[in-house]
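Residue numbers (numbering that gives the first Met the number 0), protein chains in the order written: chain A, 0 to 513; chain B, 0 to 350.
These notes concern the structure reproduced below.
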Amino acid sequence: MTNDAAGRALDLRGVSMRFGEVRVLDRVDFAVEPGSVHAVVGHNGAGKSTLMKIALGVHQPTEGSVHIAGSPLTPAHPATARKLGLGMVMQERSLIDTLSGLDNLFLNDEKIGLTRAIRRRAQRQEALALTERLGISPDVLRRQVSQLSPVEQQMLEIAKAVRLAEHVLILDEPTAPLSHREIEMLFRLIRRVAGLGAGIVLITHHLNEVFEVADHITVLRGGKVTLSVAPARTSVPDLISSMLGESKAAVKSEGVTRVDVAAAPALEVRDLTVPGKFETPLSFSVKRGEIVGVAGLAGSGRSTLLRALFGAARPGGGAVRLMGQSYRPRNPKHAIRNRLFLIPEERAEYGLVTTQPIVDNIMLPVLGGLTTWRVVRDGRGADLAHQLMRDLKVRARDHRQVVNELSGGNQQKIVLAKSLATRADMLLLDEPTSGVDVGAAAELIKIVGELANQGTGVLWVTSDLQELLTVSDRVLVIADGRIRAVVPRDGEDFTEPRLIHLMQRAGLNGGEAA
Amino acid sequence: MTTQSIKASRAAAMGERIKRATLETLWRAYTGENSGILIVVVLGTIVGFSLYLRDTDYLTADNMLSIVRQTTAITVMAVPTVFVIASRELDLSFAAVVPVSGFVAALLLESHNMIVAVAASIGIGVAVGLFNGLVTVWFKIPSFVVTLGSMGVLNGLSLRITDSQAVSVSNRTFLDIFGAGSIGPVPSLLIWAVVIVALGHFVLTQTATGRGLLATGANEKAARYSGIRVTRMKVGALVASGVGGSLAGLLYVGQFAAASYTLGGSDLLTVIAAVIIGGTALAGGKGSVIGALIGSLLIGTLNNGLVIIGLANPEQLMVRGVIIIAAVIFSARTVRNRRRPASLGGDPSVT
């Protein structure tokens, strides 16, 4: 047994994990060969994170063994794992904005001279050698992290992890904040790191990515391995069905069927400008019951456009009409009062007060309507929360559960519940399915589709083109600070490759400007 | 890995979990709707002093009332301070409002109607609070910096107004309402404390304003995106805090029948300590008015007992300092536990 393990970068054998009564992992075998990329996919709650925490030494498995480059991980502690040559890039960024790339690279592991001063020259030399080896521009070392683009930051994170981890590198959702082109750059780097002999574990929600970069794929469901296969011998539908098991019908909501789109526009934008992002006036409209997708590279201003309409970023000029009424974005409260609601991209930061209970979050945007003489009627708030939680099938203990205990998908449902509470006529969605598992994403898509059926206008921003094609009646392609194209559902450009082409033709050199 | 060492590490993990659960339960009992533990601590302190001081007149109705009287001004300032800290701001200037508003009241009482004097005094608190609040939100400066500046200006002002001289007050009605008077057996100071605490507790727990304030403190961005006027919340809390200082000034003048620049001199830290002991999180988003009341009673009881025991002022300061640090350690600890990211050792259900 140990003989096999010796040749592997990471070897987990028969690993089980129980937290109290809950069995999170059930006899999982998981091995990563040196020089290969091994993708791990699965629902939220399938056990991916726990498996990685065991490899990282954060958890001691209830049963089973962990070997890193042939050596057993004992005692189970992150420091041990690091010493054995395992590193991880977390989903949360670990870089300090105000320090240079170089200082970040050596943060907390500085090269110290006899006088306790940092040996800057030695650090710089090692860093240059590292960037050279990885094919990263040495420019990222000089600049402050706050001035690096998302992909440069991600590359720096990887360089930082690689410097300390020679055998195994775990990447948790590394592509989440990146645009298409940037993802390709990142994948080139990942292949290069693998080429140097490290085994790479890639955790991701994006199934297409898996086929572009992985040598092997493991699917987890309910703490068990349901598929372990080379990418050439499987397909996206196969992966989805392994992830979902019996309930795969849920995802097959191919497109959203809609009643006839009413004539009156929910949102009409004429000659809108946003200083710094949209200097050229923008004009478009969203009809009642229509879902308009917005495609664009990261940094193209998609989010800024939504924030400007919501009154959270100040627009320059132009005229906006909501349900036929003139509307001038002022602040979010004003927008909500005019029945416009934004579901923001960074859920935990802008969407939810995560330390508070579900019910408080749902009540927050409609507090004024739940009061008599400013006194909050908690009973009515609880009724509202109950009903919305039932309608949206939120999985939670009860309405008093604190939001940060919920899974990503259920948290997003709470944000959606807030928008329902406000009875918005016009809904702006910014990356609503990011960090949400496939099953919950399908549910979200269905719920928004039903809202549109009842006459709500929807503006839907996402980087996931598959999703965009599934939900949209029309797609606005944004690039270079203007609307590059409007693609109707029955248009010939309504395909993934054509949209990618449209986004990039305009953004050949704008792609990296975040 | 041997089974023995697995068992050992499991036992250690279990021990840690039990320890954490116990601490959390204690904390919840103490910050929750019933601030049970804290009440026990206050009663324990009183019992301890009573036993130690059984030959003196410590445990008399008179002395208990004098504890209440001595802490009324602290309580009146602690209530709005809960609002300020819960909204994740900090006001360092309210205690400096105390002597200024006291002087204004005392000087105006010599020539004007009492209502004018009281209104002008409260007006000072409103003005200072508005200034602090508006500068904070308009220029996006941390409120503790703005209020640090206001504190300096107000301190200088109170020395300048009367050249460090005290101004005495003889208006009977004023002294009855804000000082030694009583309704039946109930001293007016006690009534002030009860009214302010009840009002503060009601606003924080029952009104939309209270919810908005807590949401602002817990996550300002999300609160704003939910339509809460976060700037209004902050300005409002800082105005309340200024008014708290004004009212405390009036209550001191009422008690001492004189205004002096030393009024409220050591109250800033006492009030903040009372609020934090009472379970309001310095990190914002969480506040308890009842806790702040009990916190100020605890400090009042300590002060009173230490005086009767015969400790000199230096020792009193030191003992009080130690207790405040202990309380803050406890508070910081729980906030850390609550903020621990789910990615490391968090709840297994979030994997």
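Beta carbons are placed, not taken as given, at the ideal position from N, Cα and C, and that holds for glycine.
Is the CB of residue i under 7 Å away from at least one CB in chain A?
| i | result |
| --- | --- |
| B:A214 | yes |
| B:A207 | yes |
| B:R231 | no |
| B:Y29 | Any reading at B:Y29 must be qualified, since the residue scores a pLDDT of 48, below 50, and its modelled position is unreliable; the value itself is stated next. No - not a single Cβ of chain A is within 7 Å of the one on B:Y29. |
| B:E32 | In this predicted model, B:E32 has a pLDDT of only 40, less than 50, meaning its place in the structure is not dependable; the value taken from the coordinates is given anyway. No, B:E32 does not count as interfacial toward chain A. |
Residue i versus chain A: which residues are under 7 Å apart at the beta carbon?
| i | result |
| --- | --- |
| B:A217 | V352, T354 and Q355 |
Using the C-alpha atoms, what's the distance from residue j back to residue i?
| i | j | result |
| --- | --- | --- |
| B:K285 | B:S120 | 30 Å |
| A:K47 | A:T217 | 10 Å |
| A:V470 | A:V460 | 11 Å |
| A:M16 | A:D10 | 16 Å |
| A:R162 | A:P274 | 41 Å |
| A:Q400 | B:L292 | 28 Å |
| A:E211 | A:V57 | 30 Å |
| A:E348 | A:T354 | 11 Å |
| A:I499 | A:G407 | 28 Å |
| A:A8 | A:L50 | 15 Å |
| A:F493 | B:L89 | 54 Å |
| A:A30 | A:V447 | 40 Å |
| A:N508 | B:A325 | The predicted position of A:N508 is uncertain, since its pLDDT is 38 and thus under 50; a value taken from the coordinates is nonetheless stated next. Going by the C-alpha atoms only, they are around 57 Å apart. |
| A:L458 | A:L443 | 14 Å |
| A:I67 | A:I169 | 12 Å |
| A:E491 | A:R473 | 12 Å |
| B:G178 | A:N330 | 46 Å |
| B:G244 | A:S284 | 54 Å |
| B:N336 | B:W191 | Note that B:N336 scores 48 on pLDDT, short of 50, meaning its location in the model is unreliable and no value can be drawn from it. |
| A:G368 | A:G456 | 23 Å |
With a threshold of 7 Å between beta-carbons, can residue i be considered close to chain B, or not?
| i | result |
| --- | --- |
| A:V414 | no |
| A:G13 | no |
| A:L170 | no |
| A:M0 | Confidence at A:M0 is low in this model, with a pLDDT of 43, below 50, so its placement is unreliable and no value can be given for it. |
| A:L129 | no |
| A:P314 | no |
| A:E344 | no |
| A:K332 | yes |
| A:T432 | no |
| A:L72 | no |
| A:E208 | no |
| A:T370 | yes |
| A:L366 | yes |
| A:E156 | no |
Find the residues of chain A that neighbour residue i, judging by a C-beta separation of less than 8 Å, and give them in chain order.
| i | result |
| --- | --- |
| B:A222 | V352 and L363 |
| B:G284 | V352, T354 and Q355 |
Any beta carbon of chain D sitting closer than 7 Å to that of residue i?
| i | result |
| --- | --- |
| A:Y326 | Going by chain labels, chain D is absent from the structure shown, which instead holds the protein chains A and B. |
Residue i touches chain B at which residues, Cβ-Cβ below 7 Å?
| i | result |
| --- | --- |
| A:L458 | Under the 7 Å cutoff, chain B gives no residues; its nearest Cβ is about 16 Å from A:L458. |
| A:V375 | Q205, T206, A207 and R210 |
In chain B, which residues lie less than 9 Å from residue i when you measure between Cβ atoms?
| i | result |
| --- | --- |
| A:D237 | By Cβ distance, chain B contributes nothing, its closest Cβ being about 24 Å from A:D237, past 9 Å. |
| A:L85 | Residues of chain B passing the Cβ test: none, with the nearest at roughly 15 Å. |
Output, in chain order, the set of chain B residues within a Cβ distance shorter than 8 Å of residue i.
| i | result |
| --- | --- |
| A:I335 | S225 and G226 |
| A:L341 | Y224 |
| A:E125 | Chain B residues near A:E125: none, gap ~28 Å exceeds 8 Å. |
| A:A577 | Chain A is shown from 0 up to 513; residue 577 of chain A falls before or after that span and cannot be answered. |
| A:D382 | Within 8 Å Cβ-Cβ: nothing; A:D382 doesn't reach chain B, min ~17 Å. |
When DSSP builds the beta bridges, which residues end up paired with residue i?
| i | result |
| --- | --- |
| A:T371 | A:V374 |
| A:P173 | None, per the DSSP bridge assignment. |
| A:S284 | A:E267 |
| A:V36 | A:I199 |
| A:R481 | A:A478 |
| B:P186 | B:S181 |
| A:P487 | A:R473 |
| B:T206 | A:V374 |
Give the single residue among the options whose Cα lies nearest to the Cα of residue i.
| i | options | result |
| --- | --- | --- |
| A:L281 | A:S178, A:P264, A:I290 and A:L304 | A:L304 |
| A:D377 | A:L363, A:R389, A:M388 and A:D390 | A:L363 |
| B:G294 | B:L64, B:A179, B:K220 and B:V81 | B:V81 |
| B:T59 | B:V321, B:N303, B:P79 and B:L316 | B:N303 |
| A:K110 | A:E344, A:Q124 and A:S299 | A:Q124 |
| B:V97 | B:S65, B:A257, B:S169 and B:G320 | B:A257 |
| A:T203 | A:T174, A:R190, A:A193 and A:S178 | A:T174 |
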